[in-house]
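All remarks here apply to the structure that follows.
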Amino acid sequence: MCYDSSNLERSRTSASIPLPHRQPNDVADEQVFASRFKSMSREASGSQLDYPEVLAIIPARGGSKGVPRKNARMLCGKPLVAYSIEAARNTPAITRVIVSTDDEEIAEISRSFGAEVPYLRPEHLAGDRSSIGEVLNHLRARLHEKGYRYTAQVTLYPTHPFRSRQMMDSLVDKLLNGYSHVFTVRKVRLPAMGFLLRKDHGVQPLDDTGRPDNERVYYRKYGTFFGQCHLHDGLPRTYHHLLTDPIECVDIDTFEDFYLAEEIIRSGLYRGFACGL
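Each residue of the sequence shown is one higher than the last, beginning at 2 in this note's numbering.
Below, the structure written as structure tokens:
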């Protein structure tokens, strides 16, 4: 099934859905939910929906180590989380935007910028060791229990404020037209003379080719965009979007990252914002 995302109308609701808190032993298993998500996606492709329903989830907890409360911290006049909310809301094919947070202030900020916060994330899913998989499973399972069906789901990390409208439109379009998984990646170069320091104080070479001019290039997933859709028949197809603009690779984890993002915005170095400035 193919969709023309350029002609989709937004269908957003400002109403919040009351969802129950979940106990620690009630966290859905990744494999179990993968099957459940596939089932609910196929249900969404039937007569229940006249157009594709695309859900955007923004995980934004209150705690953080590098920059305290960074998701609520102001970045050139707007809270950091607002950049991802606006990027999602300004993408025509995305029909619903939900922020998953454990923090009441972030919840209020998110609602003020047009996102839904159906409930506050339980404490056991808001710690440093909580996995993003558990967080997403918790939210998606509760939405499914409330009868909400969707065609595809996109995850946007709030620590990545620089997303272009063209990229957002293109990646959602690919998700709806043939690809089961779509995500952004960036290059990670491995220096030829690099070493790992082991716990026993020994060293281990990162590159065993013996060529000083050699550099291996690796790719890692990046939180700018993660999407999944299980409507397409046949084998799963994955699309990797390589981030070539270094500004779009900015991931705010430290105060230095914050200052860099501020300078980029103030200097007008990035004009492709999917959010409004």
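Cβ coordinates follow ideal geometry from the N, Cα and C atoms, glycine included.
Query - contact_flag[the stretch 70-81, the stretch 165-184] where n(CB pairs < 8 Å) is 3 or more - result: no
Requested in this report: For L198, collect the residues of the same chain with a Cβ closer than 7 Å to its Cβ; drop the 5 residues on either side in sequence, then sort them by chain order.
Outcome: V204
Query raised in the report: Is the Cβ-Cβ distance between P237 and S181 less than 7 Å?
Result: yes
Requested in this report: Would you give the residue range spanned by the alpha helix (DSSP H) that R97 belongs to?
Outcome: Segment R97 to S101 is the beta strand (DSSP E) holding R97; no alpha helix (DSSP H) there.
Query - Three-state secondary structure assigned by DSSP to Y240 - result: Correct three-state label for Y240: strand.
Report task. Take the Cβ of T152 as the centre, count every other Cβ of all protein chains shown within 10 Å, and call the residue buried at 16 or more, exposed below. Result -> buried
**Report entry** Endpoints, alpha helix (DSSP H) assigned at R141
**Finding:** It spans I133 to E146 - the alpha helix (DSSP H) in which R141 sits, taken as one unbroken run.
Report task. Leaving out five residues on either side along the sequence, give the residues of the same chain with a beta carbon under 6 Å from the beta carbon of A116. Result -> Cβ within range, chain order: I86, V98 and V100.
Requested in this report: Return no unless some Cβ of chain B is closer than 7 Å to the Cβ of L243.
Outcome: The chain labelled as chain B is not found in the depicted structure, where only one protein chain is given.
Query - DSSP state of R90 mapped onto helix, strand, coil - result: helix
Query - Closest Cα partner of S165 within the set Y84, I253, G195 and E106 - result: With distances taken between Cα atoms, S165 lies closest to Y84.
Query raised in the report: With 16 other CB atoms within 10 Å as the buried threshold, where does T255 fall?
Result: exposed
Query - Span separating the alpha-carbon of T160 from that of L191 - result: When rounded, the distance between both Cα atoms is 24 Å.
Query - Assigned secondary structure, F259 (DSSP; H/G/I helix, E/B strand, else coil) - result: helix
Requested in this report: With V173 as the anchor, note down where its alpha helix (DSSP H) starts and where it stops.
Outcome: R166 to L177
Report task. Could you give the DSSP three-state label for Y84: helix, strand or coil? Result -> helix
Query - CA-to-CA distance, S113 to P206, given in whole angstroms - result: Cα-Cα distance, rounded: 51 Å.
Report task. Using the DSSP secondary-structure output, state which residues sit across from P60 in a beta bridge. Result -> S101
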